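**Q**
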Amino acid sequence: MNHPSSLTNASSPSSPSDPSGKRRFHLRPRTFRGKLALAIGLLVAVFLGIALALQTMLFGRIYDRSSYRLYQVASGGTLPTPDGGELYVSSTGCYYTDHTVGCGPMTPGSIMEISDSDMRGPLMQGAMWFSLTLFAGFAVLAMVAAWFISRRLAGRISSLGAQMRRLDPAATGERVSIAGSDEVASLAGDVNAMLARIEQAAATQRQFIANASHELRTPIAVIGTSLDAPLAQGRFAADVEPAVRRALEADRNAADLVEGLLALSRVQSMALHPGEERPPETSLGQAVEHALDASWDVIDERGIDVRCDIDPAPAVRADPTMLALLTGNLIRNAVVHNVDRGDIEVDVRSIDGGGVELSVTNSTEAEESTDPAESADGCDLDDLLIPFHRGRASRLENRPGNGLGLSIVREIADLYHAELRLARPEPGRFGVSVRFCNNHVRIGA
Numbered sequence: 000m001n002h003p004s005s006l007t008n009a010s011s012p013s014s015p016s017d018p019s020g021k022r023r024f025h026l027r028p029r030t031f032r033g034k035l036a037l038a039i040g041l042l043v044a045v046f047l048g049i050a051l052a053l054q055t056m057l058f059g060r061i062y063d064r065s066s067y068r069l070y071q072v073a074s075g076g077t078l079p080t081p082d083g084g085e086l087y088v089s090s091t092g093c094y095y096t097d098h099t100v101g102c103g104p105m106t107p108g109s110i111m112e113i114s115d116s117d118m119r120g121p122l123m124q125g126a127m128w129f130s131l132t133l134f135a136g137f138a139v140l141a142m143v144a145a146w147f148i149s150r151r152l153a154g155r156i157s158s159l160g161a162q163m164r165r166l167d168p169a170a171t172g173e174r175v176s177i178a179g180s181d182e183v184a185s186l187a188g189d190v191n192a193m194l195a196r197i198e199q200a201a202a203t204q205r206q207f208i209a210n211a212s213h214e215l216r217t218p219i220a221v222i223g224t225s226l227d228a229p230l231a232q233g234r235f236a237a238d239v240e241p242a243v244r245r246a247l248e249a250d251r252n253a254a255d256l257v258e259g260l261l262a263l264s265r266v267q268s269m270a271l272h273p274g275e276e277r278p279p280e281t282s283l284g285q286a287v288e289h290a291l292d293a294s295w296d297v298i299d300e301r302g303i304d305v306r307c308d309i310d311p312a313p314a315v316r317a318d319p320t321m322l323a324l325l326t327g328n329l330i331r332n333a334v335v336h337n338v339d340r341g342d343i344e345v346d347v348r349s350i351d352g353g354g355v356e357l358s359v360t361n362s363t364e365a366e367e368s369t370d371p372a373e374s375a376d377g378c379d380l381d382d383l384l385i386p387f388h389r390g391r392a393s394r395l396e397n398r399p400g401n402g403l404g405l406s407i408v409r410e411i412a413d414l415y416h417a418e419l420r421l422a423r424p425e426p427g428r429f430g431v432s433v434r435f436c437n438n439h440v441r442i443g444a
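In numbering that gives the first Met the number 0, the protein residues as written are 0 to 444.
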């Protein structure tokens, strides 16, 4: 893969071997435009040369056959002709030299002259049509040949375009590779330089988010402790306690948000730097059970009914921490966005083709909307994968969740090439399914 700087230096006017810095003249053009112009120019020149040679040869033969005088004399007589030969007149009335010219009645003793002007019109008309046909044919051949040549030269541009289309927007470390030193290679170098700047900017942004989130942990914890302890001791006045409780709730939400940002940053960093070691096999069923255990207190407090159908056999090749983040966020999302005395259905099962599917379906608040984009047909489901987007709750205050859960799930699913699906099977229900393909799954005990 070409490095951006090497591509740019190769296409610069001067080279390290030329200390004078002057542009060297090359008989063979090094630019795409030069190659195309030279190829078409040489092709047309060759075809025109062939056409002129053929036309000259034809006109020479026509002139040799038409530049003489014919004399008609008595039958059987002979007279010298302008080219030094003899003109013969047969007894049948035909006169000819080396070729038969014509026949007709003759008067003995008379002389008839046939000059070049008598044949010039037909000869020129025939030559004109021949030339037009010849040049039209060569023009078609030139265009066809130029098409194939330019197609071959433009194949480099098509190769660059195909590589750019295959670039993964999330994998900013990928580059394009085009050999040579013409404009196409220079364009590839510019694309690689742009990708390098994007990668650097994305890395800087992720590092900033990680650093800021890490630094915010301490003040958030201090605020929570400073408010929680006096509140538990009853040191706040009665009219102040509601405001303190709202502040504590906001502090807990901020702490959850910081943890979510840190988790998202870790997932994105692992996606860009996955490492060379193959991830270990991790039981998907055990990861789901651990996630349920971590949220069981909230589940029990809200009276949510949990129905599980977990197959313990499938194992997923994934980092245990990433798999715990995925299952934990799915279960937490189903609990937070549920209703009191609602229900959650969790299934882990093997599917056709050697894969495994995790599906989590939960009850939600049944909201009616006149906006078709927010109807129960799932038109707005993709928006739920956007960070900090919580559906209709994004416009409301004091609603649970920070809008990062499904974003983290999507990043982890993309990391392991899993298929993520969101669905509203019926009003008042929401479902998420993650399908791991067979190259990341092992079925067994």
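Glycine included, C-beta positions come from ideal geometry on N, C-alpha and C. Remember, predicted model here, so these are calculated numbers, not experimental data.
May I have the straight-line CA-CA distance separating C93 from L57, to the nearest angstrom?
**A** Confidence in C93 is poor, its pLDDT being 46 and thus under 50, which makes the residue's placement unreliable; the coordinate value appears in the next sentence. So the alpha carbons of these two residues sit roughly 27 angstroms apart.
**Q** Run through the DSSP bridge pairs and tell me what G354 is partnered with.
**A** Partner(s): I350.
**Q** Taking the CB atoms as reference points, tell me whether I411 and L325 lie closer together than 9 angstroms.
**A** Yes, Cβ-Cβ distance for I411 and L325 is below 9 angstroms.
**Q** Just to confirm, are S294 and I330 a CB contact at a threshold of 9 angstroms?
**A** Yes. Within cutoff.
**Q** By the 10 Å Cβ neighbour count, where 16 or more other Cβ atoms means buried, how is V433 classified, buried or exposed?
**A** Under this definition V433 is a buried residue.
**Q** If you follow the beta strand (DSSP E) that T281 is in, where does it begin and where does it stop?
**A** That run of the beta strand (DSSP E) goes E280 to S282.
**Q** On a Cα-Cα basis, can you pick out the residue from A253, R234 and Q206 that is closest to T217?
**A** The option with the nearest alpha carbon to T217 is A253.
**Q** Starting from the C-beta of L215, find all residues in its chain whose C-beta is less than 6 angstroms away, skip the five residues before and the five after it, and write them out in chain order.
**A** Closer than 6 angstroms at the Cβ level, and outside the excluded window around L215, lie V257.
**Q** Would you decide whether V45 is buried or exposed? Buried here means 16 or more other CB atoms lie within 10 Å of its CB.
**A** With fewer than 16 other Cβ atoms within 10 Å, it is exposed.
**Q** Tell me whether F134 sits in a helix, a strand or coil according to DSSP, three-state version.
**A** Note: F134 maps to helix in three-state DSSP.
**Q** As a quick exercise: from R277, L230, S264 and G259, pick the residue whose alpha carbon is nearest that of F207.
**A** Of the listed residues, the one whose Cα sits closest to F207 is S264.
**Q** Using only the alpha-carbon positions, how far apart do I197 and A184 sit?
**A** Rounded to the nearest angstrom, the two C-alpha atoms are 20 angstroms apart.
**Q** First and last residue of the beta strand (DSSP E) that includes G452?
**A** Residue 452 is absent from the model: the chain starts at 0 and stops at 444.
**Q** What's the C-alpha gap between D167 and E300?
**A** Answer to the nearest angstrom: the Cα atoms are 44 angstroms apart.
**Q** Cα separation between I39 and A141?
**A** Looking at the two C-alpha atoms, the distance is approximately 8 angstroms.
**Q** Below 9 angstroms between beta carbons: does that hold for V359 and I309?
**A** Cβ atoms of V359 and I309: not closer than 9 angstroms.
**Q** Along the alpha helix (DSSP H) that carries E410, what are the first and last residues, could you check?
**A** Residues G404 to L414.
**Q** What's the C-alpha gap between L419 and G136?
**A** Distance between the alpha carbons of L419 and G136 is about 60 angstroms.
**Q** Classify G233: buried if its beta carbon has 16 or more other beta carbons within 10 angstroms, exposed otherwise.
**A** When all chains shown are included, G233 counts as exposed.
**Q** Decide if D181 is buried, meaning its Cβ has at least 16 other Cβ atoms within 10 Å, or exposed.
**A** Buried.
**Q** Check whether the Cβ atoms of N361 and G341 sit closer than 9 angstroms, and answer yes or no.
**A** Contact flag set, yes.
**Q** Given this structure, state the Cα-to-Cα distance separating P323 from P278, to the nearest angstrom.
**A** The question names Pro, but residue 323 in the sequence shown is Ala. Between A323 and P278, the C-alpha separation is close to 14 angstroms.
**Q** Using CA atoms only, rank isn't needed, just tell me which of L421, A161, R316 and E364 is closest to D339.
**A** Ranking the options by Cα distance to D339, first place goes to E364.
**Q** What distance in whole Å lies between the Cβ atoms of V287 and V355, which are believed to be in contact at a cut-off of 8 angstroms?
**A** Not a contact, Cβ separation roughly 11 angstroms.
**Q** In whole angstroms, what separates the C-alpha of L37 from that of G160?
**A** Roughly 25 angstroms between the two C-alpha positions.
**Q** Taking the beta carbon of I49 as the centre, do at least 16 other beta carbons fall within 10 Å, making it buried, or is it exposed?
**A** With fewer than 16 Cβ atoms within 10 Å of its Cβ, I49 is classed as exposed.
**Q** Can you round the beta-carbon distance between G284 and P311 to whole angstroms, since I take them to be within the 8 angstroms contact cut?
**A** That pair is a contact at about 4 angstroms.
**Q** State buried or exposed for S212, treating a residue as buried only when at least 16 other CB atoms are found within 10 Å of its CB.
**A** Flag for S212 reads buried.
**Q** Under a Cβ-count criterion, where at least 16 other Cβ atoms within 10 Å of its own Cβ denotes burial, should H336 be classed as buried or exposed?
**A** By the 10 Å Cβ count, H336 comes out buried.
**Q** With DSSP collapsed to three states, give me the class of R244.
**A** The answer is helix: DSSP assigns R244 an H, G or I state.
**Q** Mapping DSSP to helix, strand and coil, what is L166?
**A** In this structure, L166 counts as coil in the three-state DSSP scheme.
**Q** Who are the near neighbours of E280 in its chain, counting only those whose CB is closer than 8 angstroms to its CB and skipping five residues on each side?
**A** These residues qualify, in order along the chain: A314, V315, R316 and R441.
**Q** Using DSSP with H/G/I as helix, E/B as strand and the rest coil, what is S362?
**A** Three-state result, S362: strand.
**Q** Is E445 helix, strand or coil by DSSP?
**A** There is simply no residue 445 to check, as the chain begins at 0 and stops at 444 in what is shown.
**Q** Thinking V405 and L383 are a contact (beta carbons under 8 angstroms), I'd like their distance in whole angstroms, please.
**A** Checking the sequence, you will find Leu at residue 405 rather than Val. Rounded, the Cβ-Cβ distance is 5 angstroms, consistent with contact.
**Q** Can the beta-carbon of A262 be found less than 9 angstroms from the beta-carbon of L403?
**A** The answer is yes: Cβ separation under 9 angstroms.
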